[in-house]
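Visitor: Numbering (UniProt numbering), first residue to last: 1 to 91.
Heads up, the beta-carbon is just placed ideally off N, CA and C, and yes, glycines get one too.
Since the structure is predicted, the reported quantities are computational estimates derived from the model, not experimental observations.
My questions all concern the structure below.
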């Protein structure tokens with residue numbers, strides 16, 4: 001049960017990491033990912049964004065269902081959302 005209380009915070013941290021990876025992927029396409037076609041870059045970016053967005057849905061559901069709300073989640077969950085959206089726009 002203790003693991004379920006930590007899972008929403010882990011998912012929030014994972015969303016931040018995925019957001020930063022998305023930004024790196026989109027901004028460094030020509031440098032590090034020149035072997036991929038634009039189609040592949042778009043597909044990978046879309047999947048990373050979708051997975052990150054699903055972690056937002058899942059961490060909120062788990063936090064409410066198991067009463068696993070925390071001060072960390074209150075602060076970093078909205079911040080992680082903004083980082084994800086900003087990464088997609090900047091990329």
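Can you list the alpha helix (DSSP H) stretches of 4 or more residues lying completely in the segment 10 to 82, in chain order?
Guide: 29 to 32, 38 to 65
Visitor: In chain order, what residues of the same chain lie with their CB nearer than 7 Å to the CB of residue 51, ignoring the 5 residues before and after it?
Guide: Position 51 of the chain shown, counted from the start, is the residue given in the question as residue 51. Closer than 7 Å at Cβ, skipping near neighbours: 18.
Visitor: Is there contact here, the segment 3 to 23 with the segment 70 to 81, by at least three beta-carbon pairs under 8 Å?
Guide: yes
Visitor: Take residue 57 as the anchor and find which of 3, 2, 8 has the nearest alpha-carbon.
Guide: The sequence position of residue 57 within the chain shown is 57, counting from 1. For residue 57, the nearest C-alpha among the options comes from 8.
Visitor: To the nearest angstrom, how far is the alpha carbon of residue 3 from that of residue 68?
Guide: Locating residue 3 in the chain shown gives position 3, where the first residue counts as 1. Locating residue 68 in the chain shown gives position 68, where the first residue counts as 1. Straight-line Cα distance between these residues: approximately 10 Å.
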